[in-house]
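Colleague: Protein chains in written order, with our numbering: chain A, 1 to 348; chain B, 1 to 348; chain C, 1 to 348; chain D, 1 to 348.
4 protein chains.
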Amino acid sequence: MSQSRRSFASDNVAPAAPEVMAALARVNQGSVHSYGDDPETRRLVELARRTFETELAVYPVATGTAANALALAVLAPPYGGIYCHDIAHVNTDECGAPEFYTGGAKLLPLATPDGKLRAGQLAVPIAHARAMGVHHVAPAALSISQATEWGTVYQLGELRELTATAHAHGLTVHMDGARFANAVAHLGCSPAEASWKCGIDVLSFGATKNGALAAEAVIFFKPEMARDFELRRKRAGQLWSKLRYLSAQLAALLEGDLWLRHGRHANALAARLAQGLRQRGVELVQPVEANEIFAVLPSQRIAALRAQGFEFYEWPAARPDRQPVVRLVTAYDMAEGDVDALLAALGA
Amino acid sequence: MSQSRRSFASDNVAPAAPEVMAALARVNQGSVHSYGDDPETRRLVELARRTFETELAVYPVATGTAANALALAVLAPPYGGIYCHDIAHVNTDECGAPEFYTGGAKLLPLATPDGKLRAGQLAVPIAHARAMGVHHVAPAALSISQATEWGTVYQLGELRELTATAHAHGLTVHMDGARFANAVAHLGCSPAEASWKCGIDVLSFGATKNGALAAEAVIFFKPEMARDFELRRKRAGQLWSKLRYLSAQLAALLEGDLWLRHGRHANALAARLAQGLRQRGVELVQPVEANEIFAVLPSQRIAALRAQGFEFYEWPAARPDRQPVVRLVTAYDMAEGDVDALLAALGA
Amino acid sequence: MSQSRRSFASDNVAPAAPEVMAALARVNQGSVHSYGDDPETRRLVELARRTFETELAVYPVATGTAANALALAVLAPPYGGIYCHDIAHVNTDECGAPEFYTGGAKLLPLATPDGKLRAGQLAVPIAHARAMGVHHVAPAALSISQATEWGTVYQLGELRELTATAHAHGLTVHMDGARFANAVAHLGCSPAEASWKCGIDVLSFGATKNGALAAEAVIFFKPEMARDFELRRKRAGQLWSKLRYLSAQLAALLEGDLWLRHGRHANALAARLAQGLRQRGVELVQPVEANEIFAVLPSQRIAALRAQGFEFYEWPAARPDRQPVVRLVTAYDMAEGDVDALLAALGA
Amino acid sequence: MSQSRRSFASDNVAPAAPEVMAALARVNQGSVHSYGDDPETRRLVELARRTFETELAVYPVATGTAANALALAVLAPPYGGIYCHDIAHVNTDECGAPEFYTGGAKLLPLATPDGKLRAGQLAVPIAHARAMGVHHVAPAALSISQATEWGTVYQLGELRELTATAHAHGLTVHMDGARFANAVAHLGCSPAEASWKCGIDVLSFGATKNGALAAEAVIFFKPEMARDFELRRKRAGQLWSKLRYLSAQLAALLEGDLWLRHGRHANALAARLAQGLRQRGVELVQPVEANEIFAVLPSQRIAALRAQGFEFYEWPAARPDRQPVVRLVTAYDMAEGDVDALLAALGA
């Protein structure tokens with residue numbers, strides 16, 4: 001664990017968890033069949049099925065961008081459209097990876113103030129697309145982020161309504177779960193309830209931000225949808241020959257629900273930080289439901305914090321008062337002391 | 001190290017080297033800037049420059065397929081042609097990754113019996129392509145494997161002639177160095193002599209088969225050619241947020257030339273195995289110059305070896321006598337005893 | 001000419017002009033070299049240079065979608081971003097053709113109420129993109145429609161400011177001129193003033209809506225930018241073997257500025273129609289500057305017109321009063337009587 | 001008709017047939033619904049069904065490259081493999097269009113001396129591909145040319161055996177029928193017998209080389225396979241707004257089997273030319289079964305013919321005696337006198 005962790009820039013600055021490192025050491029023995037024909041990958045499949053209480057197909061890859069883009073390539077043809085939030089990571093932060101992997105499918109962004117899409121937003125654009133026939137890309141999929149890029153979390157009822165609407169229109173549903181652990185921790189439900197029981201077809205299950213070196217899992221809850229995934233993964237250069245080293249990271253996090261404990265820990269720190277900020281009169285621009293806080297800070301305070309070694313990003317946010325908004329992210333490896341140090345540095 | 005290693009299937013069944021594991025543990029401390037803005041990645045750049053004795057741009061990725069496909073995407077436009085051997089890994093084993101990454105460029109395969117292309121093979125097809133104008137893909141690059149897929153190694157003079165011819169025709173040159181260590185070990189020259197001094201523009205420097213968990217480096221010897229590599233890497237989902245874990249693997253292998261010692265060790269075992277096979281009257285279908293042996297074995301002997309737990313692949317080879325050919329691969333983690341055990345199992 | 005033309009649905013329902021048909025008949029003699037090595041294609045090049053008063057590279061293709069997508073594929077790499085209006089034809093009506101042809105580049109839509117982009121809209125998103133580095137697609141091009149999809153026309157000063165801003169940020173500029181004739185007719189300037197003298201790098205010069213059977217020209221005002229266009233056109237299946245039949249259509253329209261007279265005629269009819277509508281108290285939602293009119297019509301009046309055989313589209317427009325908006329398009333082949341018939345059918 | 005036609009370079013140097021020009025003039029009346037919702041396109045569908053005696057889906061496009069590439073994009077996924085002859089037009093003459101349209105699928109060339117594939121050539125490479133699993137592109141389709149690029153014609157029995165083998169291995173079958181008319185004329189069978197009754201799933205029905213300005217038809221004999229064709233056609237910029245002008249060309253050729261009479265005429269001229277060449281002692285390197293002749297001509301005779309204004313291509317052919325091979329192509333618009341003039345020019 002880091003001492004005096006002063007970076008709130010992202011949960012991806014954290015190191016790997018000791019359990020993950022131990023798992024790598026454990027599987028680093030002898031010669032093992034390559035490309036996933038190994039005991040650790042089989043163990044991962046078992047753990048994933050137990051965690052999600054269902055049959056599924058699970059594929060480890062090294063990055064969240066790869067997980068999302070591969071999942072979307074299965075769900076949307078090159079002439080397809082993918083509805084998503086306009087601030088969705090797939091739309092704004094992946095340098096066009098979904099367009100690359102799908103062969104040119106189009107992301108069709110929808111806006112809301114809190115990062116969560118509403119079921120009612122789908123009908124009009126889909127009807128318009130259908131009316132336009134071949135001139136419009138064919139509505140194919142819906143991609144949602146849970147937790148969202150604004151640190152908010154869809155309630156189960158919201159998810160159910162959204163996926164039911166999508167399915168009714170013939171769309172499949174992908175969930176970008178880079179921070180799925182934080183969302184499940186917030187909801188207090190089971191992983192199954194937060195995913196397939198809510199109508200999610202494919203989940204990008206994030207681990208890199210939650211204790212892995214580099215590991216994400218693409219999980220298909222309808223395994224027959226994964227038919228061509230393995231070919232797509234290989235041709236994308238995303239199939240490791242020594243796959244056990246990816247599987248081991250994920251298995252270590254699933255074992256004993258370490259991933260969920262990590263998520264709860266990060267959320268608790270975010271709540272503590274949010275409370276401290278509010279007590280100091282800092283305005284938060286979104287409800288704090290996961291491990292991200294978006295706070296309004298005057299430029300002098302930002303500069304003061306940075307001078308003391310704290311790290312974080314300013315966030316694009318169109319505020320009427322033009323005050324800067326900063327993003328503060330907690331992570332599984334942080335301690336209460338790290339949060340308190342930031343609050344202390346802020347002063348009154 | 002494995003005891004009683006009986007798999008000669010591939011060098012990718014080996015575990016990671018202890019030095020690599022130690023490096024992972026070493027960099028697993030505290031919070032670190034993501035996406036390559038970290039000390040370990042800077043250290044890798046330094047080590048690579050020292051190893052190759054030149055300015056260069058080096059980018060770590062997790063798989064050889066990604067390294068090759070990203071490199072080729074930089075060298076060839078979507079309407080371009082890439083000359084390669086017809087048994088080149090990029091042409092036969094990557095499920096179309098080069099086509100995917102380049103946006104549809106065409107591999108133009110050329111044949112030889114030993115896996116090595118000859119400089120004289122280029123002029124006619126290039127002249128034909130140029131004469132055909134827009135109807136033919138535009139000759140753009142040459143990709144060669146060193147060591148080759150037949151376990152042979154280009155001599156420096158052969159390389160120089162080949163790259164000079166390619167450059168004279170306006171092509172850039174990529175080297176698939178999945179087994180670059182074995183080639184350099186065989187040649188007894190410096191890495192610089194085996195690469196840019198021989199006219200190689202971009203090298204896929206292999207490490208996964210040579211002691212890493214999952215790491216390869218794409219090395220541009222003309223850094224200005226790498227201008228768009230970073231964007232391509234990101235949109236391919238090949239940029240790790242915690243890049244230090246890739247950089248550390250590569251740095252550990254470059255440090256003190258561990259990679260080269262690994263290559264020499266595997267080559268020595270292959271030579272020992274080849275000698276033992278020849279002494280037992282086994283025909284080898286290619287010169288043994290790296291760590292791969294292609295041997296003619298009757299089906300009963302294949303079955304007998306497998307019954308004793310030995311693993312290896314039969315190889316597609318059009319022999320007039322229709323006898324099977326097997327591939328035997330040695331690796332950095334094997335011991336003389338492993339080789340001798342196979343020879344003993346073969347009997348007289 | 002059609003008698004009693006009752007379709008105001010689009011200018012693409014019109015037949016080809018007699019001059020165009022005559023040109024086809026004229027070039028339909030004897031055997032002629034294929035793929036553009038023919039006198040008619042050379043004549044087109046000459047006519048284009050004379051029309052635009054400059055050196056240029058001109059390439060005929062059969063559809064506007066092909067013209068736009070090919071042009072954008074030259075301007076933007078697969079990892080690039082193309083700024084455009086959110087209602088731009090390239091963004092809404094081409095089924096993802098730009099994404100297909102560019103290999104996955106991303107259209108980055110900007111909004112305005114009148115279909116015209118403002119120079120001031122570019123700085124913030126480009127700065128944001130640059131700050132995000134490899135996570136954001138690389139800003140590469142600006143695509144504008146002239147006349148716009150709302151039937152409005154950029155003034156020359158507006159164009160100059162827009163292209164200067166784009167160029168200052170390193171973008172190239174594409175103009176979708178499906179209705180370039182109508183725009184030039186409105187502006188009363190020369191084609192040169194309306195294009196390269198205003199900073200346009202590449203123009204999709206529309207002819208299909210303006211008297212051709214199926215013909216558009218992609219015009220590069222910096223011919224060196226067209227270096228790879230011919231290869232892209234061929235691999236897109238857009239190079240006709242009997243290219244003279246495309247070239248002849250375009251040449252017939254350029255000859256004696258027939259294209260411009262067509263544009264003036266359609267504009268004049270639109271102005272007459274607009275005046276008649278206003279006199280009848282019909283609200284128009286955009287200034288009528290080219291050959292498209294967007295009018296607010298109650299559903300009963302729409303039904304009544306349709307019952308009398310008039311054809312037109314309802315247009316998506318978010319009006320507070322939820323009244324339908326219809327689009328009425330005039331064309332080169334219509335007569336004043338056609339317009340008057342519609343007005344008469346509308347009644348008081 | 002041309003007088004003194006001296007170009008034997010290609011059938012694509014011919015003008016359009018008078019019937020085709022008349023059809024264009026006929027449909028050039030009044031305003032007509034765009035994008036295929038027009039009487040002429042419906043008429044084409046009827047004529048195609050009558051010609052092929054079956055239900056089918058038929059889509060007109062302007063070029064053969066577009067027809068082939070669109071058809072293959074429907075048959076093969078981006079990670080798929082398409083078996084074809086190594087001299088197939090799709091493999092050698094389309095600048096990578098199949099790779100572009102499929103999103104990177106791989107053409108897997110097979111060789112024979114006469115341009116015709118043999119059923120027995122498929123089993124081994126397909127078994128190899130399947131054994132390699134995700135490392136090899138997935139065998140998806142077979143594409144054959146009829147008539148072939150060597151001017152030979154598959155017999156019906158050969159076709160049946162080939163398509164049965166392909167189907168048995170799970171492949172679909174595409175026929176590049178750029179010279180389908182010449183093949184059917186040679187076989188003396190019905191179009192149905194030469195296509196779907198022989199197991200062809202999708203046919204590129206050529207017309208440009210056979211009397212059209214620019215028109216080909218993609219014909220799906222299992223219409224359900226065409227589900228996504230229309231979206232692919234649009235995003236490829238291959239959907240004409242004024243589709244009637246494409247449909248009219250094809251309909252004019254289907255009407256009264258004009259296409260077939262054209263094919264018979266060109267074949268008869270080729271036979272006459274072949275006979276004359278043989279009588280003059282000229283060696284032909286392939287049987288003359290369609291409208292292409294490949295003849296061995298010494299360089300002086302080539303020069304002499306060219307000096308008299310005759311045009312034709314030298315053809316790449318690896319002859320042991322290194323003598324040049326020329327291709328002579330007859331076409332629907334030529335007359336016996338044109339052939340006789342060439343023979344006369346050759347002399348004894």
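Using N, Cα and C, we set each Cβ at its ideal position, and we do this for glycine too.
Does the beta carbon of D/Ser2 sit closer than 9 Å to a beta carbon anywhere in chain C?
Modeller: Because D/Ser2 sits at a pLDDT of 43, beneath the cut-off of 50, its placement in the model cannot be relied upon, and the following sentence gives the value as read from the coordinates. Answer yes: the Cβ-Cβ gap between D/Ser2 and chain C drops below 9 Å somewhere.
Colleague: Does the pairing of the region 290-307 of chain D with the region 316-331 of chain D give three or more beta-carbon distances under 8 Å?
Modeller: They touch, by the three-pair rule.
Colleague: Are there three or more Cβ pairs, one per stretch, closer than 8 Å when the region 157-173 of chain D is compared with the region 31-41 of chain D?
Modeller: By the C-beta criterion, the region 157-173 of chain D is judged not to be in contact with the region 31-41 of chain D, since fewer than 3 inter-stretch pairs fall below 8 Å.
Colleague: Please report whether the beta-carbon of C/Gly78 lies at a distance below 9 Å from any beta-carbon of chain A.
Modeller: Correcting the residue identity first, residue 78 of chain C is Pro in this sequence and not Gly. At least one chain A Cβ lies under 9 Å of C/Pro78.
Colleague: Does any C-beta atom of chain D lie closer than 9 Å to the C-beta of C/Thr208?
Modeller: yes
Colleague: In chain order, what residues of the same chain have a beta carbon less than 6 Å from the beta carbon of D/Val61, not counting five sequence neighbours either side?
Modeller: Ala67, Glu216, Gln238
Colleague: In the structure shown, what three-state DSSP assignment does D/Met1 receive?
Modeller: Bear in mind that the predicted position of D/Met1 carries a pLDDT of just 38, short of 50, making it unreliable; the figure below should be weighed with that in mind. Coil at D/Met1, not helix or strand.
Colleague: Look at C/Arg6 and C/Phe310 and say whether their C-beta atoms are less than 9 Å apart.
Modeller: yes
Colleague: Would you list, in chain order, the members of the region 225-247 of chain B that have their beta-carbon closer than 9 Å to a beta-carbon of chain C?
Modeller: Asp228, Glu230, Leu231, Arg232, Arg233, Lys234, Arg235, Leu239
Colleague: Nearest CA to the CA of A/Gly337: which residue from A/Val288, A/Ala307, A/Leu273, A/Glu292?
Modeller: A/Leu273
Colleague: Could you spell out where the beta strand (DSSP E) holding A/Phe8 opens and where it closes?
Modeller: Taken as a continuous stretch (DSSP letters only), A/Phe8 belongs to no beta strand (DSSP E), as it is neither H nor E.
Colleague: Nearest-angstrom Cα distance between C/Tyr83 and A/Ala192?
Modeller: 41 Å
Colleague: Please report whether the beta-carbon of C/Pro316 lies at a distance below 9 Å from any beta-carbon of chain F.
Modeller: Among the chains of the structure shown, chain F does not appear; the protein chains present are A, B, C and D.
Colleague: What is the DSSP secondary structure of B/Tyr59, reduced to helix, strand or coil?
Modeller: strand
Colleague: Using three-state DSSP, classify C/Leu117 as helix, strand or coil.
Modeller: coil
Colleague: Please check if any C-beta of chain A sits within less than 9 Å of the C-beta of B/Leu24.
Modeller: yes
Colleague: If you compare alpha carbons, which of B/Ala226, B/Leu213, B/Tyr245 is closest to A/Lys242?
Modeller: B/Leu213
Colleague: DSSP has A/Pro109 in a bridge; who is on the other side?
Modeller: The secondary-structure analysis by DSSP pairs A/Pro109 across a beta bridge with A/Cys84.
Colleague: In whole angstroms, what separates the C-alpha of C/Gln275 from that of C/Glu53?
Modeller: 35 Å
Colleague: Using a Cβ-Cβ cut-off of 8 Å (strictly less than) and excluding sequence neighbours within five positions of A/Thr63, which residues of its own chain qualify?
Modeller: So the list reads Thr208, Ala214, Glu216, once near-sequence residues are dropped.
Colleague: Output needed for C/Ala252: all residues of its chain with C-beta closer than 6 Å, excluding positions within five of it in sequence on either side, in chain order.
Modeller: Glu19, Val20, Ala23
Colleague: Which residues of chain C have a Cβ atom closer than 7 Å to the Cβ of D/Ser34, listed in chain order?
Modeller: Ser10, Asn12, Val13
Colleague: Residue range of the beta strand (DSSP E) that D/Ile219 falls in?
Modeller: 216-220
Colleague: Please list the terminal residues of the continuous alpha helix (DSSP H) segment that includes D/Leu239.
Modeller: That residue, D/Leu239, is in no alpha helix (DSSP H); it is neither H nor E in DSSP.
Colleague: Residues of chain A with CB closer than 9 Å to the CB of B/Phe310, please, in chain order.
Modeller: Those do not exist, as B/Phe310 stays about 11 Å from chain A at its closest Cβ, beyond 9 Å.
Colleague: Only counting the same chain, and skipping five residues up and downstream in sequence, which positions put a Cβ closer than 6 Å to that of A/Leu44?
Modeller: Beyond the five residues adjoining it in sequence on each side, A/Leu44 comes within less than 6 Å, by CB distance, of Ser247, Leu250, Ala251 in the same chain, given in chain order.
Colleague: Within the 9 Å Cβ cut-off, does D/Gly120 reach chain A?
Modeller: no
Colleague: Does the beta-carbon of B/His128 have 16 or more other beta-carbons within 10 angstroms, so that it is buried, or is it exposed?
Modeller: Classification of B/His128: exposed, given that the 10 Å Cβ count is below 16.
Colleague: Taking Cβ-Cβ distances shorter than 9 Å, what residues in chain D pair up with A/Gly170?
Modeller: Chain D residues near A/Gly170: none, gap ~13 Å exceeds 9 Å.
Colleague: Would a C-beta distance cut-off of 9 Å place B/Gln146 and A/Pro15 closer than the cut-off?
Modeller: no
Colleague: What span of residues does the alpha helix (DSSP H) with C/His265 cover, start to end?
Modeller: 258-279
Colleague: Could you tell me which of C/Trp315, C/Leu284, C/Phe205, C/His265 sits nearest to C/Ala331, measuring between CA atoms?
Modeller: C/His265
Colleague: Can you grab the Cα-Cα spacing for the pair B/Phe180 / B/Ala271, in whole Å?
Modeller: 17 Å
Colleague: Nearest to B/Asn291 by CA position, among B/Val32, B/Leu258, B/Met334, is which residue?
Modeller: B/Met334
Colleague: Quick check: B/Glu161 and B/Ala119, are their CB atoms within less than 9 Å of each other?
Modeller: Judged by beta-carbon spacing, B/Ala119 lies within the 9 Å limit of B/Glu161, meaning their Cβ atoms are closer than that value.
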